[in-house]
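For reference, the structure discussed in these notes is given below.
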Amino acid sequence: FSQLNLLPAIGHTDTVCWCFTECRAQKDNVLQAKGEETAAAGGTVTLGCQYESSATTNYLFWYKQDGNNSPKFILSRVSGDQGDTADEFKERFSSTLDSSIRSVPLKIQKLQLSDSAVYYCALQSETDKQGFSHKDRRATKQSFLD
Numbered sequence: 001f002s003q004l005n006l007l008p009a010i011g012h013t014d015t016v017c018w019c020f021t022e023c024r025a026q027k028d029n030v031l032q033a034k035g036e037e038t039a040a041a042g043g044t045v046t047l048g049c050q051y052e053s054s055a056t057t058n059y060l061f062w063y064k065q066d067g068n069n070s071p072k073f074i075l076s077r078v079s080g081d082q083g084d085t086a087d088e089f090k091e092r093f094s095s096t097l098d099s100s101i102r103s104v105p106l107k108i109q110k111l112q113l114s115d116s117a118v119y120y121c122a123l124q125s126e127t128d129k130q131g132f133s134h135k136d137r138r139a140t141k142q143s144f145l146d
C-alpha cells in the first residue's frame, strides 16, 4: 500500500492517504506500487497507477469518492493528454497516459483538505468497451483520510 501525509495549514489536523491494490483480473490489471509520500497542503502530489492489458487501445479513468457518496468522475485518458476532464477538476487535477510504460498517474496541485477521498484508477480495454461498468471495473483505490 501507499500512504500520503498531507500537512495542512496551521490549526488543522493531518490528512493521510492510503492506497490499496484490489481486484486483479487474469489479463487486464490496474496496479498500485507506490510507497509512502508526504506533502503539504497547497503542494502537489502524484498518485501512481500502472496497468497491464493485452489490448492495443486502453481507456484509463480516475474517480474520486467522498465518504458514502458515489464515485465522481475526474478524468479519462486514451492517449497522452487526450480524453476528458470534469469541469470541477480541470484547474488542479491532470494526467498523461504513457502507453510505453503503461502508466497514468494522477497529479493533484494546490492540495486542499477537501481532496480527502478515495481515488480509483480504472481500466477499460477496447475489447470490453461495450460491457464497461463503473461498478465492476478493476480498480485501485487511494484514500485521503481526515
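Mind the numbering: the sequence shown is residues 1 to 146 in full-length UniProt numbering, read in order.
From the three backbone atoms N, C-alpha and C, an ideal C-beta is built for every residue, glycine too.
Values in this document were obtained by computation on a predicted structure and should not be read as measured data.
Check, Outcome
"Would you grab the beta carbon distance between Tyr120 and Tyr59 for me? Rounded to a whole angstrom, and I think it's under 8 Å.", "Not really, about 14 Å apart at Cβ, beyond 8 Å."
"Just reading off the beta strand (DSSP E) that Thr46 is part of, what are its end residues?", "Val45 to Leu47"
"Measuring only the C-alpha atoms, how far is Thr57 from Arg92?", "27 Å"
"Check the C-beta distance from Leu47 over to Val78 and give it rounded, since I have them as a contact under 8 Å.", "Not really, about 19 Å apart at Cβ, beyond 8 Å."
"Distance, Cα to Cα, Gln26 vs Ser100?", "Low local confidence applies: a pLDDT of 48 at Gln26 is under 50, so the model's placement there is unreliable, with the coordinate-based value given in what follows. Distance between the alpha carbons of Gln26 and Ser100: 21 Å."
"Using the rule of at least 16 other Cβ atoms within 10 Å of the residue's Cβ for burial, across every protein chain shown, is Ala40 buried or exposed?", "exposed"
"Check Leu31 in the structure and name its three-state DSSP category.", "strand"
"If you check the beta carbons only, do Val118 and Gln65 fall under 8 Å apart?", "yes"
"With DSSP run on the structure shown, which of helix, strand or coil describes Leu113?", "helix"
"What does the Cβ neighbour count give for Ser114, buried or exposed, with the cut at 16 atoms within 10 Å?", "exposed"
"Work out the CA separation of Ser76 and Ala86 for me, nearest whole Å.", "9 Å"
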